[in-house]
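Accompanying notes for the structure given below.
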Amino acid sequence: MAAKAIEVNNLTFSYPDTDEPVLKDINFSINHGEILGIIGPTGAGKSTLAMCVNGLVPQVINGEMEGTVKVNGSKVSESSVAKMSEEVGFVFQEPENQLSQMTIEEEIAFGMGNLGVPRDEMLGRITHALDQVGLTGFEKRSPLALSGGQQQRLAIAAVLAMRPSIMIMDEPTSMLDPKGKNEVYDVLKNLKDYGMTGIIIDHEVERIAAYCDKVLVLHEGEVQMFAPSDEVFTNIRQLHELTLNAPQVTEFLASYNQTFGKDVKLSTTLEESVNNFESACK
Amino acid sequence: MEPYISVKNVSHKYPNGVTAIKDINLDIHEGEVVAILGSNGSGKTTLVKHFNGLLKPTKGEITVGTMNTKKERISKLSSQVGYVFQNPNHQTFLPSVRQELAYGCKNLKMAEEDIETRVQKAIDLFQLKERLDDNPFDLNSSQRKEVAMASIMAVSPKVIVLDEPTTGQDHKGCKRVLELVRMFKREGHIVVLITHDMHLIGELNCRTVVMNQSEKIADDHASVVFSDKGIMEEAGLQPPQITQFANQITSFDETKTYLTVESIIEWMKANKEEDVKVGTGS
Numbered sequence: 070m071a072a073k074a075i076e077v078n079n080l081t082f083s084y085p086d087t088d089e090p091v092l093k094d095i096n097f098s099i100n101h102g103e104i105l106g107i108i109g110p111t112g113a114g115k116s117t118l119a120m121c122v123n124g125l126v127p128q129v130i131n132g133e134m135e136g137t138v139k140v141n142g143s144k145v146s147e148s149s150v151a152k153m154s155e156e157v158g159f160v161f162q163e164p165e166n167q168l169s170q171m172t173i174e175e176e177i178a179f180g181m182g183n184l185g186v187p188r189d190e191m192l193g194r195i196t197h198a199l200d201q202v203g204l205t206g207f208e209k210r211s212p213l214a215l216s217g218g219q220q221q222r223l224a225i226a227a228v229l230a231m232r233p234s235i236m237i238m239d240e241p242t243s244m245l246d247p248k249g250k251n252e253v254y255d256v257l258k259n260l261k262d263y264g265m266t267g268i269i270i271d272h273e274v275e276r277i278a279a280y281c282d283k284v285l286v287l288h289e290g291e292v293q294m295f296a297p298s299d300e301v302f303t304n305i306r307q308l309h310e311l312t313l314n315a316p317q318v319t320e321f322l323a324s325y326n327q328t329f330g331k332d333v334k335l336s337t338t339l340e341e342s343v344n345n346f347e348s349a350c351k
Numbered sequence: 020m021e022p023y024i025s026v027k028n029v030s031h032k033y034p035n036g037v038t039a040i041k042d043i044n045l046d047i048h049e050g051e052v053v054a055i056l057g058s059n060g061s062g063k064t065t066l067v068k069h070f071n072g073l074l075k076p077t078k079g080e081i082t083v084g085t086m087n088t089k090k091e092r093i094s095k096l097s098s099q100v101g102y103v104f105q106n107p108n109h110q111t112f113l114p115s116v117r118q119e120l121a122y123g124c125k126n127l128k129m130a131e132e133d134i135e136t137r138v139q140k141a142i143d144l145f146q147l148k149e150r151l152d153d154n155p156f157d158l159n160s161s162q163r164k165e166v167a168m169a170s171i172m173a174v175s176p177k178v179i180v181l182d183e184p185t186t187g188q189d190h191k192g193c194k195r196v197l198e199l200v201r202m203f204k205r206e207g208h209i210v211v212l213i214t215h216d217m218h219l220i221g222e223l224n225c226r227t228v229v230m231n232q233s234e235k236i237a238d239d240h241a242s243v244v245f246s247d248k249g250i251m252e253e254a255g256l257q258p259p260q261i262t263q264f265a266n267q268i269t270s271f272d273e274t275k276t277y278l279t280v281e282s283i284i285e286w287m288k289a290n291k292e293e294d295v296k297v298g299t300g301s
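Heads up: the sequence lines are chains A and B, in that order.
Residues 70 to 351 in this note's numbering are what the first sequence spells out, letter by letter.
Residues 20 to 301 in this note's numbering are what the second sequence spells out, letter by letter.
In structure tokens, the structure reads:
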């Protein structure tokens, strides 16, 4: 059987000088080509967990770690962060903090340069990466002249050009306007077509429900739920117990069923919820 | 009634030649909560920075209370218009919550006794008693934001401006922001929100100004703005998911715009007949 894209076993991690671990006995795995959403309240350990997957934790951000994290079958602990960056790309919250070059072309070349990609190969990859995020024709512009959504797509393109098999995005849309948010999620959706695996951390449950195959709910360092998106977001009672919410349409159908003693099938997307509600009303 | 803030034919052209806002007219009255919506770069922040004199109009005039912002010092204006930044790290820098709360008042050279009373009121309203000796940087982002809001409130400006108050906040944090906005209103403040958060505006059910490419393109109640497809499209906005849902349900009152899950449930409860029709399932 082929190795999982990501496999986490009995992972526990504590930051130095803290009593309680920030991650407690985490277990989950995702297959190649799947998109995983990680949700949970502030301080649940979401970013720490994501950084365990590319080895930033504990290799750069120190602490005490137990258990194993495997990427494509290999233990992350046995690889350097530099080596891991070829397999796992990481996009952060604030696009401006990740951009450093004068032109968009150079921005994308920067990461590849660090990997020692030959020049001819680079040009091809730049063209392809810009195409993947819808920024073709922007090569010579300054990254700072882009909108927030475009900057974040550029940050993603720079990571894509390094050809990782896994892409992790930590709240990539929180600084963006609604249009920018949609742009980033559309890129996320396309990852599948390129055979990539994705992890996204976000508070935007409606977009997570629409774009992710599976959802992991983290609360105080523990995995509270790990299941296909539909299953997680229709379990309204448990979400509320964890101070989380479901998409508005799911919240509505559940509230409607409860208030009026009905049994409309819950859904987590707009279109399906409209259909379920309309057909129940006929 | 005279408006508290009166913006008359205001344009602002930055020294680099970019016109960030163009011919804006806007009156804001006592007791109002006003949301300012629009994509990144549409001019929202430029507009609001005129209220406390951080920017002066290059054309037109703004009156705040009885002050003409062109003629008044920023310190005087900022005692009436408090600005809570998007990133609390940009305004919290003292080693304890207690000192942070008093900072704004001290800056305005208020009398010691007066400061004490004001800080105490902020402590009570924000329930910060237990946290007074904490370092703001040991608090999580949501708590830090609250401290920033509390220290602005201690100054007791007539107008409180909240710049993207829910960005990066979890569900609980967003609910708290909603409570705080209502509390500000109850305490007699005018609240101006710059936000991308359509759910927040839906819940507040407030006046909504839409900016697009430096111009004001809409100024009406949220339910009116959200149901104006032309405006929404022009500004690159989508109403909350629940509003989109309600718009597609044939048995719902077409003349109404529903902004929250609860408002639909309440409406259904109040319209029993409709409920029977909607609810009779298969």
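The beta-carbon is built from N, C-alpha and C at its ideal position, and this holds for glycine as well.
These numbers come from a predicted model, not from an experiment.
Whole-angstrom C-beta distance between residue j and residue i, which should lie under 8 Å
{"i": "residue 102 of chain A", "j": "residue 261 of chain A", "result": "6 Å"}
{"i": "residue 185 of chain B", "j": "residue 219 of chain B", "result": "5 Å"}
{"i": "residue 104 of chain A", "j": "residue 292 of chain A", "result": "Between residue 292 of chain A and residue 104 of chain A the Cβ distance is about 18 Å, and since that is not below 8 Å, they are no contact."}
{"i": "residue 312 of chain A", "j": "residue 190 of chain B", "result": "6 Å"}
{"i": "residue 247 of chain A", "j": "residue 256 of chain B", "result": "6 Å"}
{"i": "residue 347 of chain A", "j": "residue 262 of chain B", "result": "Going by Cβ atoms, the distance from residue 347 of chain A to residue 262 of chain B rounds to 17 Å, so no, they are not a contact pair."}
{"i": "residue 308 of chain B", "j": "residue 75 of chain B", "result": "The displayed coordinates of chain B run from 20 to 301. Any statement about residue 308 of chain B would go beyond what the structure contains."}
{"i": "residue 120 of chain B", "j": "residue 169 of chain B", "result": "6 Å"}
{"i": "residue 352 of chain A", "j": "residue 345 of chain A", "result": "What is shown of chain A runs 70 to 351, which leaves residue 352 of chain A out entirely."}
Boundaries of the beta strand (DSSP E) in which residue i is found, first to last residue
{"i": "residue 56 of chain B", "result": "52-56"}
{"i": "residue 284 of chain A", "result": "283-288"}
{"i": "residue 231 of chain B", "result": "226-231"}
{"i": "residue 212 of chain B", "result": "209-213"}
{"i": "residue 250 of chain B", "result": "Element bounds for residue 250 of chain B: not the beta strand (DSSP E) but the alpha helix (DSSP H), 248-253."}
{"i": "residue 227 of chain A", "result": "No beta strand (DSSP E) contains residue 227 of chain A, which is instead part of the alpha helix (DSSP H) from 217-229."}
Proximity of residue i and residue j at Cβ, strictly below 8 Å
{"i": "residue 171 of chain B", "j": "residue 101 of chain B", "result": "yes"}
{"i": "residue 234 of chain A", "j": "residue 141 of chain A", "result": "yes"}
{"i": "residue 99 of chain A", "j": "residue 287 of chain A", "result": "no"}
{"i": "residue 40 of chain B", "j": "residue 62 of chain B", "result": "yes"}
{"i": "residue 110 of chain B", "j": "residue 167 of chain B", "result": "yes"}
{"i": "residue 183 of chain B", "j": "residue 214 of chain B", "result": "yes"}
{"i": "residue 47 of chain B", "j": "residue 24 of chain B", "result": "yes"}
{"i": "residue 229 of chain A", "j": "residue 201 of chain A", "result": "yes"}
{"i": "residue 250 of chain B", "j": "residue 280 of chain B", "result": "no"}
{"i": "residue 179 of chain B", "j": "residue 145 of chain B", "result": "no"}
{"i": "residue 29 of chain B", "j": "residue 72 of chain B", "result": "no"}
{"i": "residue 316 of chain A", "j": "residue 274 of chain A", "result": "yes"}
{"i": "residue 48 of chain A", "j": "residue 160 of chain A", "result": "Outside the displayed span of chain A (70 to 351) sits residue 48 of chain A, for which this structure offers no information."}
{"i": "residue 97 of chain A", "j": "residue 245 of chain A", "result": "no"}
Residue i versus residue j - alpha carbon distance
{"i": "residue 189 of chain A", "j": "residue 90 of chain A", "result": "47 Å"}
{"i": "residue 338 of chain A", "j": "residue 173 of chain B", "result": "43 Å"}
{"i": "residue 84 of chain A", "j": "residue 111 of chain A", "result": "17 Å"}
{"i": "residue 145 of chain A", "j": "residue 114 of chain A", "result": "19 Å"}
{"i": "residue 120 of chain A", "j": "residue 69 of chain B", "result": "41 Å"}
{"i": "residue 148 of chain A", "j": "residue 128 of chain A", "result": "10 Å"}
{"i": "residue 117 of chain B", "j": "residue 197 of chain A", "result": "54 Å"}
{"i": "residue 252 of chain B", "j": "residue 114 of chain B", "result": "46 Å"}
{"i": "residue 306 of chain A", "j": "residue 104 of chain B", "result": "35 Å"}
{"i": "residue 152 of chain B", "j": "residue 214 of chain A", "result": "43 Å"}
{"i": "residue 297 of chain B", "j": "residue 308 of chain A", "result": "Because the pLDDT at residue 297 of chain B is just 49, under 50, the model does not fix this residue reliably, and the value given afterwards should be weighed accordingly. About 27 Å."}
{"i": "residue 193 of chain A", "j": "residue 26 of chain B", "result": "52 Å"}
{"i": "residue 59 of chain B", "j": "residue 72 of chain A", "result": "42 Å"}
{"i": "residue 135 of chain B", "j": "residue 197 of chain B", "result": "27 Å"}
{"i": "residue 223 of chain B", "j": "residue 205 of chain B", "result": "13 Å"}
{"i": "residue 82 of chain A", "j": "residue 136 of chain A", "result": "9 Å"}
{"i": "residue 167 of chain A", "j": "residue 176 of chain A", "result": "9 Å"}
{"i": "residue 300 of chain A", "j": "residue 314 of chain A", "result": "14 Å"}
{"i": "residue 301 of chain B", "j": "residue 265 of chain B", "result": "Reliability of the predicted coordinates at residue 301 of chain B is poor, the pLDDT of 32 falling under 50, and no value is obtained from them."}
{"i": "residue 200 of chain B", "j": "residue 95 of chain B", "result": "24 Å"}
{"i": "residue 211 of chain B", "j": "residue 195 of chain B", "result": "17 Å"}
Heavy atom of the ligand GDP within 7 Å of residue i beta-carbon
{"i": "residue 280 of chain B", "result": "What this structure holds is no ligand at all, so the ligand GDP is not there to describe."}
For residue i, the residue or residues it bridges with in DSSP
{"i": "residue 31 of chain B", "result": "B/40"}
{"i": "residue 110 of chain A", "result": "Partner(s): none; residue 110 of chain A has no beta bridge."}
{"i": "residue 105 of chain A", "result": "A/268, A/283"}
{"i": "residue 82 of chain A", "result": "A/92, A/134"}
{"i": "residue 296 of chain A", "result": "A/284"}
{"i": "residue 236 of chain A", "result": "A/158, A/267"}
{"i": "residue 194 of chain B", "result": "Note: residue 194 of chain B sits in no beta bridge, so no partner."}
Range covered by the alpha helix (DSSP H) that runs through residue i
{"i": "residue 88 of chain A", "result": "Counting along the chain, residue 88 of chain A falls outside any alpha helix (DSSP H), and DSSP gives it neither H nor E."}
{"i": "residue 140 of chain B", "result": "131-145"}
{"i": "residue 319 of chain A", "result": "317-329"}
Report the residues of the stretch 225-249 of chain A with a CB closer than 8 Å to any CB of chain D, ordered along the chain. Considering every chain present, this structure includes no chain D. Its protein chains are A and B.
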